[in-house]
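S.K.:
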Amino acid sequence: GIVKHETEYDVADAEGFEPEKRGTLEAQLANPADEIAYNAHDLDDGLRSGLITPRDLRGVAWWERLKESIGWEENHFTELVRHRIIRRFIGLMVTDLVTETARRLEAAGPRSVEDLRNLPENVVSFSPETTRMNRELKTFLYNHLYRHPRVIRMQKKAEWVITRLFEAYIDEPAQLPLEVQRRAEEEGDLYRVVCDYIAGMTDRFALQEYAKLFDPHERV
4 GIVKHETEYD VADAEGFEPE KRGTLEAQLA NPADEIAYNA HDLDDGLRSG LITPRDLRGV
64 AWWERLKESI GWEENHFTEL VRHRIIRRFI GLMVTDLVTE TARRLEAAGP RSVEDLRNLP
124 ENVVSFSPET TRMNRELKTF LYNHLYRHPR VIRMQKKAEW VITRLFEAYI DEPAQLPLEV
184 QRRAEEEGDL YRVVCDYIAG MTDRFALQEY AKLFDPHERV
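For reference, each letter of the sequence shown is one residue, going 4 to 223 in this note's numbering.
1. If I measure Cβ to Cβ from residue 188 and keep anything under 7 Å in the same chain, skipping five residues before and after, which residues do I get?
2. Near residue 197, which residues of its chain fall below 7 Å by C-beta distance, leaving aside the five closest residues on each side in sequence?
3. Using DSSP with H/G/I as helix, E/B as strand and the rest coil, what is residue 14?
4. Quick one: grab the DSSP three-state call for residue 92.
5. Return the residue from the list 136, 145, 44, 130 that minimises the CA-CA distance to residue 102.
6. Tell me whether residue 151 sits in a helix, a strand or coil according to DSSP, three-state version.
7. Sorted by chain position, which residues of the same chain lie with C-beta nearer than 7 Å to residue 80's C-beta, five sequence neighbours on each side aside?
8. Which runs of the alpha helix (DSSP H), 4 residues or longer, sit entirely within the region 161-212?
9. Can you grab the Cα-Cα spacing for the pair residue 136 / residue 223, in whole Å?
10. Considering residue 55, what are the terminal residues of the alpha helix (DSSP H) in which it resides?
Right, dumping it as C-alpha cells:
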C-alpha cells in the first residue's frame, strides 16, 4: 500500500514490493490527496502572510478560475475572500479527482484488486487539464513563495540552528537530557539518538535550546 508513494530509497528493502504493479486505490489516493493539501495550504499561507498577492497571481490559470468561481472582481481582498477562494480551491480539486477517477474506473472496468494493480496506469488521478493547472501553480509557488527572500532566510536560520545543536550534543553528550543520554548508552549510536532527539523538537523548543547552549545571558 503505502510504499507505492514512497521514494525508491525508502522502499529498497520493502518485502513483497512489486514496483511493476499499480498500488491499491488507497495507495493511489495518497499522492493526489497530499497535492490537494499542500497546494491549498501553501497558497493560503502565501496570501495570508503577504508574501504573494492577488496581483502576483494574475494570469495563473487556477487563480483566474477561482476568482470567476466565487464572483470576486479584484476589489478589496479580505480575509473572507481568501477563505472562500481556498475553500473553493479544495472543493474543485476534490471534485475533479473524484470525477476523473470514476471515469477511469469505468473505462478500465477492473473486477478485483489484482485487476486494478495490473492496469498500465493509476486510476486515481486528476484530469489532464487540472494536472496542467496544478503544475503551473506549483511553478508559480516555487518562484514566488518557496524562493522568496524571507522564506530562504528562515530556512537558512533553521539549518544553522539544527546544525549547531547537533554539533553541540555530539561534542559534549552530557548536555543532553539524562533520559536521552541513557538511550544513547543503551543503543550505542549517539548520532542516531541525537538526530531523533532534534527531530522531535518543536521550532520553539529548538530555539530555546539554542539560546541555552549559546547565549551566555540565557538561563540554562
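No residue lacks a Cβ here, since even glycine has one placed at the ideal position from N, Cα and C.
M.R.: From the atom records:
1. none
2. 169, 172, 173
3. At residue 14 the pLDDT is 47, less than 50, meaning the model places this residue with poor confidence; the figure from the coordinates comes in the next sentence. Note: residue 14 maps to coil in three-state DSSP.
4. helix
5. 130
6. coil
7. 57
8. 181-190, 193-202
9. 51 Å
10. Note, residue 55: premise wrong, no alpha helix (DSSP H); not H, not E.
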